[in-house]
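Please read the structure below before turning to the comments.
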Amino acid sequence: MSKTPPLKPFKRLAKMALGRMPWIRVEARVPKLFLGSDYGGWAFCPDLIDKGSVIYDFGIGHDASFPVALIERYGCVVHGFDPSGVEEYVASLGLGDRFRFHPVGLADFDGEVEIRSQSATEGTSGTILGRDQLDVDTKGEKIEVKRLETLMKELGHSRIDLLKMDIEGAEFDVVEDFAKGSIRPTQVLIETHRY
Numbered sequence: 009m010s011k012t013p014p015l016k017p018f019k020r021l022a023k024m025a026l027g028r029m030p031w032i033r034v035e036a037r038v039p040k041l042f043l044g045s046d047y048g049g050w051a052f053c054p055d056l057i058d059k060g061s062v063i064y065d066f067g068i069g070h071d072a073s074f075p076v077a078l079i080e081r082y083g084c085v086v087h088g089f090d091p092s093g094v095e096e097y098v099a100s101l102g103l104g105d106r107f108r109f110h111p112v113g114l115a116d117f118d119g120e121v122e123i124r125s126q127s128a129t130e131g132t133s134g135t136i137l138g139r140d141q142l143d144v145d146t147k148g149e150k151i152e153v154k155r156l157e158t159l160m161k162e163l164g165h166s167r168i169d170l171l172k173m174d175i176e177g178a179e180f181d182v183v184e185d186f187a188k189g190s191i192r193p194t195q196v197l198i199e200t201h202r203y
């Protein structure tokens with residue numbers, strides 16, 4: 009006698025039809041390693057990273073513990089991107105040429121956009137989402153943003169081994185943009201936001 013409740017297969021089908029469950033179930037087990045602080049750390053597959061890896065870290069903020077730990081562990085070069093005025097903090101880390109900082113944001117277009125605080129509280133992360141998508145009306149400042157494809161061309165990279173994105177609401181548009189092309193990072197780490 010089956011232990012599966014009689015309606016369970018129909019519920020699964022309904023969830024698939026509504027897009028709440030994938031049609032193909034992927035079960036994969038890979039080694040995981042967590043590097044960085046409790047706040048700024050990330051888990052990734054260490055077997056796919058070495059000294060020659062191409063690593064892009066978008067959204068450094070004021071906790072660069074993840075890229076610092078990658079550099080210390082693997083001796084690799086990390087390209088860090090953040091348009092929110094963290095240059096002084098990044099320089100204070102003293103990482104030399106292993107950490108290449110770029111004061112530019114990531115978006116699904118090349119150009120300028122207004123970045124604004126997500127709340128009235130000082131020190132919160134900035135987002136490129138419009139006022140109509142946020143709970144508060146905060147003052148914005150203009151920043152430069154680029155597509156992933158543009159940045160890869162400018163930096164002379166044909167691949168990305170690890171792509172980390174904490175880009176405060178722009179991640180869905182960015183993934184859709186690079187997925188249309190031929191960019192297929194080996195590992196993608198994303199903090200998602202639902203505004």
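Straight run, no breaks: the sequence shown in our numbering ends on number 203. Ideal placement from N, C-alpha and C gives every residue a C-beta, glycine not left out.
- Where F89 is concerned, the enclosing beta strand (DSSP E) starts and stops at 85-89.
- Fewer than three pairs of CB atoms, one per stretch, sit closer than 8 Å, so the segment 180-187 makes no contact with the segment 72-79.
- From the listed residues D116, V94, S166, the smallest Cα separation to T194 is found for S166.
- Per DSSP, Y64 lies in no alpha helix (DSSP H); the unbroken beta strand (DSSP E) holding it starts and ends at 62-66.
- DSSP places R108 outside any alpha helix (DSSP H); the residue lies instead in the beta strand (DSSP E), whose first and last residues are 107-110.
- I198: member of the beta strand (DSSP E) spanning 195-198, first to last residue.
- The C-alpha of F180 lies about 13 Å from the C-alpha of K172.
- Excluding five sequence positions before and after V182, the CB atoms of its chain that fall closer than 6 Å to its own CB belong to L114, D116, given in chain order.
- When the Cα atoms are used, E122 and I191 turn out to be separated by approximately 26 Å.
- As a beta-bridge residue in DSSP terms, F42 pairs with A51.
- Going by DSSP, E95 is part of the alpha helix (DSSP H) stretching over 95-100.
- If you draw a straight line from the Cα of F42 to the Cα of S92, it comes to about 25 Å.
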